[in-house]
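What follows is a short report on a single structure.
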Amino acid sequence: MSHASRRTALRALVREAGLDALLVTDLVNVRYLTGFTGSNAALLLHADGDARTRFGTDGRYLTQSAAEVPDLVPVIERATARALIGRAAALDVAALGFESDAVTVEEHRALVDAAEGVTLERAPGLVQQLRVVKDDTEIDALRRACAIADAALADLIAAGGIREGRTERDVALDLEERMRRLGAQAPAFESIVAAGANSAIPHHSPTGAQLRRGDLVKLDFGALVDGYHSDMTRTFVLGPPADWQRELYDLVARSQAAGRAAVLPGTQVSDVDKASRSVIADAGRGEQFLHGLGHGVGLQIHEAPALSASGRGALAEGMAVTVEPGVYLEGRGGVRIEDTLVVLAGAAEPITLTTRELVEL
Ligand code: ZN
Ligand code: ZN
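Heads up: take any position in the sequence shown, counting from 1, add 34, and you land on the working numbering.
So this is what it looks like as structure tokens:
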């Protein structure tokens, strides 16, 4: 699906909302609709079509925007959103929607000042409604991001990179460098490497703590490819697992399998959470599962839909979501297993493929 066809799909929502145009200022949404990857841009998406749609950026991006967005009329000015609003009335825009979920109070004031002859209307979440279902280009980028993460982890293990005496930070840096060498633009987020008691902290930042024999070692990381994020967690044990470690691992693995099996089009996101969480709750460890089950993933590492008890709405074919239950025993250690999956009819397809068996290193 091209950027132009995404703009066409958005026009239906803009018209449905009773708007003549939508001012898109969220950079991720601008990228989704135009392909532009720079740090300053806005889009005045006219409901009539591309001929009256304007793309705004500043002089630093003159060359880049001509290459990335060859199909829209550019407006080159530093204050992009104001410059586009100033042109709206001349493009026969009366009702102009803006992304009220993406502007600060100060930015809103500036928009109101610039909106002469135009009525500004709050229009949150319109682009996100489209982004939640991925097209083939996006699924392909997600697959490549996941494949790099899988390959980097396999290389790290083969090189003996997760071993006694190394620090959490050593392991994180090594993993991130391997992802970059395999083609990632960057890590998808700050990699989590958490050993021993630190593995019981869901979002632990890697420290100088050394890995020791008998530790659970939890790695949560991903690669960024063409703007798309992969997300995977695996938990290993250094040496033979103790009974409590194996029990914990098996419990989380069963919960994760139940969660994956529940990822189907039409299923309420809260029911997916429940399918996975109930396995842990039935084992008396519900209190030690400290977070939601998962989240959508795409141009952002965390995006809609939220797979949680309070999440609303149902899954649909083409969504990309994570399933990541965890159980955390404070002061001892924790286990999380996370995959990125594509929602398909019949069964979800995991696109992170590293084994989910307990691996002794
Ligand atoms: Zn993760
Ligand atoms: Zn995640």
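Ideal Cβ placement from N, Cα and C applies to all residues, glycine included.
Query, Result
"In this structure, how does DSSP classify Gly330 when only helix, strand and coil are distinguished?", "strand"
"Under 8 Å from any heavy atom of ligand 1, does the C-beta of Asp204 make it?", "no"
"What are the boundary residues of the alpha helix (DSSP H) that includes Leu209?", "Glu202 to Arg215"
"Which whole-angstrom value describes the C-beta separation of Gly90 and Ala101, a residue pair presumed to lie in contact below a C-beta threshold of 8 Å?", "Incorrect: roughly 16 Å between the Cβ atoms, too far for contact."
"For Lys168, does the three-state DSSP call read helix, strand or coil?", "coil"
"Which of helix, strand or coil does DSSP assign to Arg268?", "strand"
"In this structure, how does DSSP classify Arg246 when only helix, strand and coil are distinguished?", "coil"
"State the DSSP-derived secondary structure class of His263, mapped to helix, strand or coil.", "strand"
"Excluding sequence positions up to five away, which residues of its chain have a Cβ less than 7 Å from the Cβ of Arg65?", "Thr71, Gly261 and Leu333"
"Cβ atoms of Glu394 and Gly273: under 9 Å apart, would you say?", "yes"
"What residue range does the alpha helix (DSSP H) around Leu79 cover?", "Unbroken run through Leu79 is the beta strand (DSSP E), Ala75 to His80; no alpha helix (DSSP H)."
"Which partner residues of Tyr362 appear in the DSSP bridge assignment?", "Gly368"
"Since Ala381 sits in a beta bridge, which residues does DSSP pair it with?", "Paired residue(s): none; Ala381 is not in a bridge."
"Please list, in chain order, all residues of the same chain as Leu187 whose beta carbon is under 6 Å from its beta carbon, the five residues on each side excluded.", "Thr388"
"Can you round the beta-carbon distance between Glu150 and Gly131 to whole angstroms, since I take them to be within the 8 Å contact cut?", "About 17 Å separates the two Cβ atoms, so there is no contact after all."
"Taking 8 Å as the line, does the beta carbon of Ile196 fall inside it for any heavy atom of ligand 4?", "With respect to small molecules bound, the structure shown includes ligand 1 and ligand 2 and not ligand 4."
"Any chance you could list the residues with Cβ under 6 Å from a heavy atom of ligand 2, keeping chain order?", "Asp265, His329, Thr356, Glu358 and Glu372"
"Considering Arg88, what are the terminal residues of the beta strand (DSSP E) in which it resides?", "Arg88 to Thr91"
"Compare the Cα-Cα distances from Ala117 to each of His237, Pro240, Leu392 and Val58 and report the closest residue.", "Val58"
"Below 9 Å between beta carbons: does that hold for Leu44 and Leu78?", "no"
"Based on the DSSP secondary-structure assignment, which residues constitute the bridge partners of Asp254?", "Ile226 and Thr267"
"Please classify Ser264 as buried or exposed, where buried requires at least 16 neighbouring CB atoms within 10 angstroms.", "buried"
"Just checking, does the segment 353 to 363 make contact with the segment 155 to 172 on the three C-beta pairs under 8 Å criterion?", "yes"
"Can you tell me the Cα-Cα spacing of Arg288 and His237, whole angstroms?", "22 Å"
"Check each candidate in Leu53, Ala113, Thr42 and Ile110 and name the one with the smallest Cα separation from Asp84.", "Thr42"
"Using DSSP bridges, identify the partner residues of Thr388.", "Paired residues: none, contrary to the question."
"Let me see if you follow: with CB-CB separation under 9 Å, is Gly72 close to chain B or not?", "This model lacks chain B altogether, as it is built from one protein chain only."
"Note down, in chain order, each residue of its chain lying with its Cβ closer than 7 Å to the Cβ of Phe323, except the 5 sequence neighbours on either side.", "Arg311, Ile314, Pro359, Gly360 and Val361"
"Using a 10 Å radius around the Cβ and a threshold of 16 neighbouring Cβ atoms, would you call Asp105 buried or exposed?", "exposed"
"Three Cβ pairs or more, each shorter than 8 Å: is that satisfied between the segment 247 to 255 and the segment 170 to 180?", "no"
"Restricting to runs no shorter than 4 residues, where is the alpha helix (DSSP H) found entirely within the segment 141 to 186?", "160 to 165"
"Assuming Ile385 and Arg177 form a contact by the criterion Cβ under 8 Å, report the distance between their Cβ atoms to the nearest whole angstrom.", "5 Å"
"Distance check for Ala317 and Asp60, CA to CA, integer angstroms please.", "43 Å"
"Taking the alpha carbon of Leu298 as the point to measure from, which residue in Val109, Val127 and Glu383 has its own alpha carbon closest?", "Glu383"
"Taking only the alpha-carbon atoms, compute the straight-line gap between Gln244 and Arg280 and give it to the nearest angstrom.", "22 Å"
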